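Asks: Can you keep this structure in mind? I'll have questions shortly.
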């Protein structure tokens, strides 16, 4: 079992050796090709995924448009959370953007852990709470910050995603018109080039 998954869980609870063993029995490892759908719209979400490698996009469709709501990479959890919790069909699609390595737990697996003690119940509550808080912070950022501020903040926090994810998905996630996003990206590239030129000239 990848140690990074246990390290993630231990951010929320201290697992003794017996609990760690119980946890590792309930999680599974999978590898995915690029553009592999993990959860389809209208399907009931039965998994929570931890990303060891790769990028997963979460989106919904609005007419013919795909609206990206989340991009997750190494060290992140992703799922259609509302569907996982309620058992109702998912409003979202989860899809890998590149070859990925994932660790997942099923709903039944998590329920079995809950039955093993309060420590696992606390783990579940804390993980879901973190997901809710992250969504609320992101919603507020989109509402309160200008498009340029959203672009700059995302680039500062997730520079690897700015390089690896197609521009149309980034623009959708940040709620920025594609032409405006292109202008911001060109300006960013210009600043980087000028900085490198100044550094090489010294």
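In the working numbering, the protein residues as written are 801 to 1002. For glycine and all other residues, C-beta sits at the position ideal for the given N, C-alpha and C. Model, not experiment: these values are computed from the prediction.
1. Can you give, in chain order, each stretch of the beta strand (DSSP E) that sits fully within the segment 912-950 and has at least 3 residues?
2. Closer than 8 Å is the cut-off here; do at least three beta carbon pairs connect the segment 836-848 with the segment 874-888?
3. Grab me the residues of residue 789's own chain with a C-beta within less than 6 Å of its C-beta, minus the 5 sequence neighbours each way, in chain order.
4. In the DSSP output, what is residue 868 paired with across the bridge?
5. Pick helix, strand or coil for residue 847, following the three-state DSSP scheme.
6. With distance defined between alpha-carbon atoms, name the residue in 901, 981, 957, 951 nearest to residue 850.
7. What is the DSSP secondary structure of residue 815, counted as helix, strand or coil?
8. What is the DSSP secondary structure of residue 978, reduced to helix, strand or coil?
9. Considering only C-alpha positions, which residue in the set 805, 812, 804 is nearest to residue 918?
10. Measuring CA to CA, which of 960, 936, 911, 933 is closest to residue 924?
11. For residue 897, list the residues DSSP reports as bridge partners.
12. Which of the three DSSP states, helix, strand or coil, is assigned to residue 962?
13. Decide if the segment 961-980 is in contact with the segment 927-937; the criterion is three or more beta carbon pairs, one per stretch, under 8 Å apart.
14. Which of helix, strand or coil does DSSP assign to residue 852?
15. Compute the distance between the beta-carbons of residue 878 and residue 853, then report whether it is under 9 Å.
16. Tell me which residue opens and which closes the alpha helix (DSSP H) that residue 890 is part of.
17. For the alpha helix (DSSP H) containing residue 880, name the first residue and the last one.
18. Quick one, are the C-beta atoms of residue 895 and residue 869 less than 9 Å apart?
19. Using the Cα positions of residue 816 and residue 985, report the straight-line distance between them to the nearest angstrom.
20. Name the one or two DSSP bridge partners that residue 828 has.
Replies: Answer, in terms of the structure:
1. none
2. yes
3. One cannot answer for residue 789 here, as it falls past the ends of the chain, which runs 801 to 1002.
4. 859
5. strand
6. 901
7. coil
8. helix
9. 812
10. 911
11. Looking at the DSSP assignment, residue 897 forms no beta bridge with any residue, so it has no partner.
12. helix
13. no
14. strand
15. no
16. Segment: none, residue 890 is in no alpha helix (DSSP H) and carries neither H nor E.
17. Residue 880 -> no alpha helix (DSSP H), and no H or E assigned at all.
18. no
19. 47 Å
20. 904
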